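In this text, residue positions in the sequence shown follow this note's numbering: the first is 12, and each later residue adds one.
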Amino acid sequence: MRKFLTLFLIFIGAVILTVLLFIIYPNFFLSRKITFNADIKNDIKEIPKNSEPSISFVDKNLIIKVELETTPYQWAKGLMFRENLVDDTGMLFVFPSEGTRTFWMKDTLIPIDIVFISKDLVVTDIKENFEPCPTSQFICPTYSSKKLSQYVLEVNAGFVLKNIIKIGDKIELTSAENN
12 MRKFLTLFLI
22 FIGAVILTVL
32 LFIIYPNFFL
42 SRKITFNADI
52 KNDIKEIPKN
62 SEPSISFVDK
72 NLIIKVELET
82 TPYQWAKGLM
92 FRENLVDDTG
102 MLFVFPSEGT
112 RTFWMKDTLI
122 PIDIVFISKD
132 LVVTDIKENF
142 EPCPTSQFIC
152 PTYSSKKLSQ
162 YVLEVNAGFV
172 LKNIIKIGDK
182 IELTSAENN
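Spelled out as structure tokens, the structure:
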């Protein structure tokens, strides 16, 4: 009987802990839900495949080369464990449809700026100068877009300030060969 009571209390404790974690960090659980089907696949802007992809900021003399991240594995890994990011380059996360995007700095070793971009290729939100979350820390803060976005650009910290990137700026997806 005592063994049963101990197991029961452990089970109840685990349930309570799970519920508390869900309440405190809902994005940790919800951001892992990935949906991708043929209908929303058509919403993705055509990205040139003949050369290295790049982003051109319309109305600015600014073009940066990007790595495209298009799969759930790539989205989860992002810039983890990278020791540097070459100036005027970035990582572009391409999602199948617009949504609220949530990121964290777990195992990211470099400070970054995050630029959220709509399906119409307009900057909808910007997060600047996010510092790495130590690899020894299990729970890191999360950063969510205030508006819907389909693309997310991660660049070196200071990029947004240096290049005067603003909400409402328009971008084009191009290839480095065309520039």
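Idealized CB from N, CA, C, for every residue including glycine.
Quick caveat, the model's predicted, so the values are computed rather than measured.
Opposing strand residues paired with residue i [DSSP bridges]
i    : result
K117 : C144
I128 : V134 and Y162
M102 : E78 and E165
I150 : The partner list for I150 (beta bridge, DSSP) is empty, contrary to what the question assumes.
K181 : V133
G110 : S160
I123 : F141 and N167
Of the listed residues the options, nearest to residue i (C-alpha basis)
i    : options                  : result
P107 : I23, D99 and E80         : E80
P152 : T119, M12, I175 and L132 : T119
G110 : F15, E165 and K158       : K158
K88  : I66, D136, D70 and M116  : M116
L184 : I66, G24 and M12         : I66
E165 : K71, V77, L73 and G24    : V77
K11  : T17, N72, A25 and Y84    : As displayed, the chain neither begins before 12 nor continues past 190, which places residue 11 out of reach and without an answer.
N95  : E63, P143 and A25        : P143
Beta-carbon gap between residue i and residue j smaller than 9 Å
i    : j    : result
K138 : Q161 : no
F141 : I123 : yes
D180 : V134 : yes
V163 : L103 : yes
T100 : I75  : yes
R112 : S155 : yes
V69  : I182 : yes
Cβ neighbours of residue i in the same chain (closer than 7 Å, five flanking residues each side left out)
i   : result
V97 : none
W86 : E80 and F104
I27 : none
Own chain residues within Cβ distance below 6 Å of residue i, not counting five before or after
i    : result
F170 : D124
A168 : P122, I123, D124 and N140
M12  : none
F19  : none
Close beta carbons around residue i, own chain, < 8 Å, minus the five adjacent residues each side
i    : result
L132 : K56, Y162, K181, I182, E183 and L184
K177 : V134 and I137
*Which ranges would you report for the alpha helix (DSSP H) in the region 61 to 94 if only whole runs of at least 4 residues count?*
83 to 88
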